[in-house]
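Below is one structure, written out as structure tokens; comments come after it.
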Amino acid sequence: MEGVVHRTVEVNGIKMHVAEKGEGPVVLFLHGFPELWYSWRHQILALASRGYHAVAPDLRGFGDTEAPPSISSYNCLHIVGDLVALIDSLGVQQVFLVAHDWGALIGWYLCMFRPDRVKAYVCLSVPFLRRNPDIKTVDGMRAVYGDDYYICRFQKPGEMEAQMADVGTEYVLKNILTTRKPGPPILPPGEFGTGFNPDMTDTLPSWLTEEDLAYYVSKFEKTGFTGALNYYRNLNSNWELTSPWSGVQIKVPIKFITGELDMVYTSLNTKDYIHGGGFKEDVPNLEEVIVQKGVAHFNNQEAAEEISNYIYEFIKKF
1 MEGVVHRTVE VNGIKMHVAE KGEGPVVLFL HGFPELWYSW RHQILALASR
51 GYHAVAPDLR GFGDTEAPPS ISSYNCLHIV GDLVALIDSL GVQQVFLVAH
101 DWGALIGWYL CMFRPDRVKA YVCLSVPFLR RNPDIKTVDG MRAVYGDDYY
151 ICRFQKPGEM EAQMADVGTE YVLKNILTTR KPGPPILPPG EFGTGFNPDM
201 TDTLPSWLTE EDLAYYVSKF EKTGFTGALN YYRNLNSNWE LTSPWSGVQI
251 KVPIKFITGE LDMVYTSLNT KDYIHGGGFK EDVPNLEEVI VQKGVAHFNN
301 QEAAEEISNY IYEFIKKF
């Protein structure tokens, strides 16, 4: 990671850790769960070398960024507030946004609340989630998949943390990062167990080295998983907070990229929404949808070079 600069920025009442490299238009990278700025290590180098200022924070509650204790501190307004303050601190009016997993969801909120700050958005894995005015988000997921659906299992404060502690930080991270199992993640009741990846082997995939895993483990061993899990615990709260935006269209130019084995793409009728016209209806400036063959959820790491090229090809047009 030669030349990547690390610093701490005061944003929205918290101290945020940021990794950055390069000069030029800002590309803001938002990571997902259970990840860190480090998930963008390949893209930071690739975009910096092509004339961009790559900026990748640890989101609040993750890594070296502060983790406020209350669950309500992780709702969509607080997180987007962090990002607007971060953009302000960079001295620019607009950024190119690139985001994955929970970062992608936060990216949609940023485009919803402050489209004036986003020039274009490359979204990985999680498409826009159309707000159902009749049922809260987690309640809807529970109705479809039951209480053992992973998001439902993450809701009770302290419970999942204890179950993750039983199997250990390294096991949890390796289990989630290496999963290639399509469809909804259903966890065994009352334990983390085999978690997201019942087929986990001792060998890491070629795109995730022992050093990579060790970096994630070192950070999550220090912070625990509570900050990260609190994002899930705000899904119903976010549903309430976004009531004024019910039926909104996202007008930012969008490129969407997912893996064909992605657990999000292969559950919750996501495929039908993406390919059946619903996504384009909600996001009229959706320019392209790419489904990567043989690629799973963590496509920014598994297919790093391809993702970097897709990002560059899209943002260079603006």
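With UniProt numbering applied, the sequence shown corresponds to residues 1 to 318, in that order.
Backbone N, C-alpha and C fix where the C-beta goes; we use that ideal spot for every residue, glycine too.
Have a look at Leu-235, Ser-125, Glu-305, Gly-294 and flag the residue whose alpha-carbon is nearest the alpha-carbon of Ile-71.
-> The option with the nearest alpha carbon to Ile-71 is Leu-235.
Whether Phe-225 touches Glu-161 by CB criterion (8 angstroms) = The criterion of a C-beta distance shorter than 8 angstroms is satisfied by Phe-225 and Glu-161.
Secondary structure at Thr-266, three-state DSSP: helix, strand or coil?
-> Secondary structure of Thr-266 (DSSP, three-state): coil.
Grab the span of the beta strand (DSSP E) containing Ala-56 for me, first residue to last.
-> Segment 53 to 57, the beta strand (DSSP E) holding Ala-56.
Pick from Lys-317, Tyr-312, Ala-303: whose alpha carbon is nearest that of Ser-39?
-> Residue Ala-303 is the option with its Cα nearest to Ser-39.
From which residue to which residue does the alpha helix (DSSP H) around Arg-41 run?
-> 41 to 48 is the span of the alpha helix (DSSP H), which, as asked, contains Arg-41.
DSSP three-state assignment for Arg-142, whether helix, strand or coil = Reduced to three states, the DSSP call for Arg-142 is helix.
Report yes or no: do the segment 29 to 36 and the segment 182 to 200 share at least 3 C-beta pairs separated by less than 8 angstroms?
-> No contact exists between the segment 29 to 36 and the segment 182 to 200.
Considering only residues of the segment 204 to 290, which uninterrupted beta strand (DSSP E) runs meet the minimum length of 3 residues and lie entirely inside it, listed in chain order?
-> The segment 204 to 290 is shown to contain whole beta strand (DSSP E) runs of 3 or more residues at 254 to 259, in chain order.
By how many angstroms is the C-alpha of Val-167 removed from the C-alpha of Ile-214?
-> One detail in the question is off: residue 214 reads as Ala in this sequence, not Ile. In this structure, the straight-line span from the alpha carbon of Ala-214 to that of Val-167 is close to 16 angstroms.
Rounded Cβ spacing between Pro-253 and Glu-287 (contact assumed at less than 8 angstroms) | 6 angstroms between Cβ atoms; contact.
Taking 8 angstroms as the cut-off, decide whether the C-beta atoms of Met-16 and Pro-57 are in contact.
-> Cβ distance < 8 angstroms, so Met-16 and Pro-57 count as in contact.
Tell me which same chain residues have a C-beta within less than 8 angstroms of the C-beta of Thr-270, skipping the five on either side of it?
-> Excluding residues within five positions, the ones whose Cβ falls inside 8 angstroms are Pro-127, Val-264.
Compute the Euclidean distance between the alpha carbons of Gly-81 and Trp-207, then round it to the nearest angstrom.
-> The straight-line gap separating the alpha-carbon atoms of Gly-81 and Trp-207 is approximately 33 angstroms.
Say whether the segment 131 to 140 touches the segment 237 to 254, bearing in mind that this needs 3 or more beta-carbon pairs closer than 8 angstroms, one atom from each stretch.
-> With a cut-off of 8 angstroms, the segment 237 to 254 and the segment 131 to 140 count as touching, because enough Cβ pairs lie within range.
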